[in-house]
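Chemist: In our numbering, each residue carries its 1-based index in the sequence shown increased by 133. Ideal Cβ placement from N, Cα and C applies to all residues, glycine included. All of these numbers come straight from a predicted model, not from anything done at the bench. To start, I am sharing the structure in question, which I have written as structure tokens.
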Amino acid sequence: EVSICFVENEEKSKSRLLDELDFDFFYETHIHQKAYLNALKLDYEGIKPNLTPIKAPILKHNPFEFPLSFSRFNLLENQKRTYYYRYILN
């Protein structure tokens, strides 16, 4: 069972995102205070994500294999990711 709480705006219309959910809604105008407190319980054990950084792959690429124009050199020096996508991955 899932409860979605929302506040209607001044035009008395609910969020458009609620219409995208394919659920059958029933409306309650009054929700008991304990229901809100039960929804906010923090006694669960959360997931501990692995935050170790991923090592970047070592690529063997010779930028001087072809004649190096200024724009290509500028990308290589200042925008390495764009250079990678444009010239290494083609």
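(1) Put residue 155 into one of helix, strand or coil per three-state DSSP.
(2) Between the Cα of residue 189 and those of 151, 217, 150, 149, spot the shortest distance and give me the residue it belongs to.
(3) Heavy atom of the ligand ZN less than 6 Å from the Cβ of residue 180, yes or no?
(4) Please state the DSSP three-state secondary structure of residue 209.
(5) Starting from residue 171, trace the alpha helix (DSSP H) in both directions and tell me its first and last residue.
Modeler: On the basis of the data shown:
(1) Working through the sequence shown from its first residue, we reach residue 155 at position 22. Three-state DSSP puts residue 155 in coil, outside helix and strand.
(2) If you number the sequence shown from 1, residue 189 lands on position 56. Closest by alpha carbon: 217.
(3) This structure lacks the ligand ZN, and indeed carries no ligand of any kind.
(4) Locating residue 209 in the sequence shown gives position 76, where the first residue counts as 1. Reduced to three states, the DSSP call for residue 209 is helix.
(5) As a position in the sequence shown, residue 171 is number 38, starting the count at 1. Here the alpha helix (DSSP H) through residue 171 covers 166-172.
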